[in-house]
Amino acid sequence: MSREIQTELIGVIVTSHCRLAEEMLAAAEMIVGPLQNCKVICFKPAQPVDELIMLMEDAIKEVDQGKGVLILTDLFGGTPANISLSFQGPRVEVVCGMNLPMLLKLAGCRNGCSLSETASMVKEYGRRHISLAGEVLCRSVKTVSSP
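Just so you know, we're using my numbering here: the sequence shown kicks off at 3 and counts up by one.
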């Protein structure tokens, strides 16, 4: 799944086991509209590693329009992350453990920040949006009922 390319944006690759990356990007786009300069790589069971490496290399070339590439992976230590990490360097940053809030944040923060700033911001945003719903609801009830 390819997206239209804009030169001023950091390139994004969303990668995962099976179709998780594809569906994660589809969910983000359902909320915020099309995300420009993004590519999805879904790793299939029994797919040769050499093929996966070529797909990643091609995707990086496709989305890197001068500001670098941020790769979001589903799981640290999994094949998508391991292959992504082999490309990490000054122009490629990898964030493992992606979630939907990370993609939503990327919709608005890739234009004015460096690659490393964007990666840090996305990681923190994703982390902050993991919550135990019961705790959030308890805080809300206490706040509403406090004088």
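Ideal Cβ positions, reconstructed from N, Cα and C, are used throughout, including at glycine.
In this structure, the straight-line span from the alpha carbon of residue 107 to that of residue 124 is close to 6 Å.
Rounded to whole angstroms, the gap between the alpha carbons of residue 57 and residue 22 is 17 Å. Within its own chain, the residues whose Cβ lies closer than 7 Å to the Cβ of residue 80, once the five positions on either side in sequence are excluded, are 19, listed in chain order.
DSSP, read as helix, strand or coil, puts residue 41 in strand. Nearest C-alpha to residue 95 among 74, 78, 111 and 103: 74. DSSP places residue 12 outside any beta strand (DSSP E), giving it a letter other than H or E. Around the CB of residue 51, fewer than 16 other CB atoms lie within 10 Å, so the residue is classed as exposed.
For residue 74, the enclosing beta strand (DSSP E) covers residues 71-75. Its Cα nearest to that of residue 17, the residue 82 stands out among 82, 128, 102 and 131.
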